[in-house]
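This report refers to the structure that appears directly beneath it.
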Amino acid sequence: MSAHTRPLRLADLPLLALAGRAPYVNHAVTLEHGAASGGARPGWPRLLRNSVQPGGREAWISREGLSLRGLAAVRPRGGASAWEIDALVLGLSSEAFVMDLLERCVATAGARGAHRLFLRLAEGSPVLTAARREGFAAAGVETKLVRGAGRDGDG
């Protein structure tokens, strides 16, 4: 693991506030925001708010001085045994940084009792190769069904 990667601290908030204006992409796609485009998914303010609250997400940051290399956040997905990575933000396209952040997420979730850790990525994501090298496997195709307005107006 890299010495540059560590848990997110309050002292990192100014850096993240500056980074929030840059075009960093959150590669992780959560179930509730899977159909939304990247720009319509929850951004930095929500991630920061949820990460610094007690009982919030476990977040890891990789930085060098005032340069953000990456950030990853992991949270329970409905119970202690299943967790998901809901933020994987990268400032550099280095596979080593991706693998380091993913390794921290795996270790954190495992230490909290997780038996499974999910990472959803868009098809063709550049992070896919690093995720596979870190031990993540494709789970198959996922179909999300939502209830729409019924024809009888009962929707």
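Residues -13 to 141 (the numbering used here) are what the sequence shown spells out, left to right.
We put the CB at the ideal spot given by N, CA and C, even for glycine.
Ranges of the alpha helix (DSSP H) found wholly within the segment 103 to 132, counting only runs of at least 4: 114 to 119
Looking at L87 and G121, is the spacing between their C-beta atoms short of 8 Å? no
With which residues is L88 paired in a DSSP beta bridge? Answer by DSSP bridge pairing: none, since L88 is not bridged.
Contacting residues, own chain, Cβ-Cβ under 8 Å from E81 (five flanking each side not counted): T115, A116 and R119
Looking at A95: is its Cβ nearer than 8 Å to the Cβ of V132? no
Among T(-9), A97, A93 and L76, whose alpha-carbon lies nearest the alpha-carbon of H13? L76
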